[in-house]
Ligand SMILES: C[S@@+](CC[C@H](N)C(=O)[O-])C[C@H]1O[C@@H](n2cnc3c(N)ncnc32)[C@H](O)[C@@H]1O
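Numbering (the UniProt record's numbering), first residue to last: 1 to 316.
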């Protein structure tokens, strides 16, 4: 078919194990990508099982058209719209799902296909949208954002020390002509960032920051987690793999809060037994890729997987 670079699924067995799949269950893969996790889930599902998969990238959805398994439905949707998208797909949403998997971030084909504009290697239009059917490209945003907005995005999402200097350079450059390609942006950043981290291109942090901003990646994550709680059955599993400390922080805090009993003002005359019970139970410790997996797939290096199970709420 296409010449794209394959996506090597990260924490494949670990994630599918963590879902504790019931053969007749209904599962959601919020990040279909090239279907690595989805195919492993299907292998464990029986004939009565169902898998609803999402991807916001039309290219990922198009690649899925080759999948002929009748138990699988792949939708061009954002996982931030989880509950509504499931309803649109005719799924009995409220507490109807046995497991939700999210393997967030970008896929290898997205990163490696220069025309998508995610990579500072090569020279291509500076797009960076996962969903190429809507929204603003990185070039369009850089063409209109203020110096302060650009600084904040690069500083907050890229944790880049030279964020202000880079933003200044971008704004100065666009006085002459817009920063339209990945090559132009990378050159501009490399001129500005003088101290390089070993083994890392000077443009890495800026490109990552713009990608997170253009795709509203942290907002999508913050939106999906509470919806996962709504759609999961008691005993249903939530499995999240993230690749960035900002994402992992959101996941970690959400799970910690949901796994703690509801906090009430201190001086209320209540016994611990009177407090509403937690909604989630954490399953195991955060999981990282093994040395062997990292050796075979260096992108697995930053992956961290967290798992939780929804608890039943006793009737009042
Ligand atoms: C790391 S890849 C997933 C790879 C997949 N697990 C596999 O094994 O092939 C992440 C995928 O999630 C998609 N994605 C990222 N954010 C999304 C969102 N908010 N909604 C839907 N899909 C999203 C990306 O387009 C990309 O295809």
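All residues carry an ideal CB built from backbone N, CA and C; glycine is no exception.
Here the C-alpha atom of residue 149 lies approximately 33 Å from the C-alpha atom of residue 101. With a 10 Å radius around the Cβ and a threshold of 16 neighbouring Cβ atoms, residue 13 comes out exposed.
Apart from the 5 residues on each side of it in sequence, residue 212 sits with its Cβ closer than 6 Å to the Cβ of 157 in its chain, given in chain order. Sequence-distant partners of residue 18 (beyond 5 residues in either direction) whose C-beta falls short of 6 Å from its own C-beta, in its chain, are 239 and 307.
Beta-bridge analysis with DSSP links residue 305 to 241 and 287.
A residue is called buried when at least 16 other Cβ atoms come within 10 angstroms of its Cβ; residue 25 meets this threshold and is buried. In the three-state scheme derived from DSSP, where H, G and I count as helix and E and B as strand, residue 126 is classed as coil. Spatial neighbours of residue 130 in its own chain (CB-CB distance under 6 Å, excluding positions within 5 residues in sequence) are listed in chain order as 56, 57 and 215.
Annotation for residue 104: no beta strand (DSSP E) segment contains it, and DSSP assigns it neither H nor E. Comparing alpha-carbon positions, the option among 60, 34, 7 and 74 lying closest to residue 28 turns out to be 74. Not one heavy atom of ligand 1 sits closer than 8 Å to the Cβ of residue 89. Collapsing the DSSP output to three states places residue 99 in a strand.
Here the alpha carbon of residue 292 sits roughly 45 Å from the alpha carbon of residue 144. Residue 52 has its alpha-carbon roughly 12 Å from the corresponding atom of residue 93. Collapsing the DSSP output to three states places residue 179 in coil. For residue 188, the CB contacts under 7 Å within the same chain, skipping 5 residues up- and downstream, are 169, 170, 173 and 179 in chain order.
By the neighbour-count criterion, in which a residue is buried when 16 or more other Cβ atoms sit within 10 angstroms of its Cβ, residue 117 is buried.
About 17 Å separates the CB atoms of residue 125 and residue 206; that is not less than 8 Å, and the two are not in contact.
At least 9 Å separates the beta-carbon of residue 34 from that of residue 16. Put simply, of 252, 237, 247 and 184 the residue whose alpha carbon is nearest the alpha carbon of residue 312 is 237. Less than 9 Å separates the beta-carbon of residue 114 from that of residue 123.
With a cut-off of 8 Å, the C-beta of residue 110 is classified as near ligand 1, since at least one heavy atom of the ligand falls inside that distance.
Under the three-state reduction of DSSP, residue 114 is assigned to helix. For residue 6, the closest of 279, 112, 134 and 276 by C-alpha to C-alpha distance is 112. Collapsing the DSSP output to three states places residue 131 in coil.
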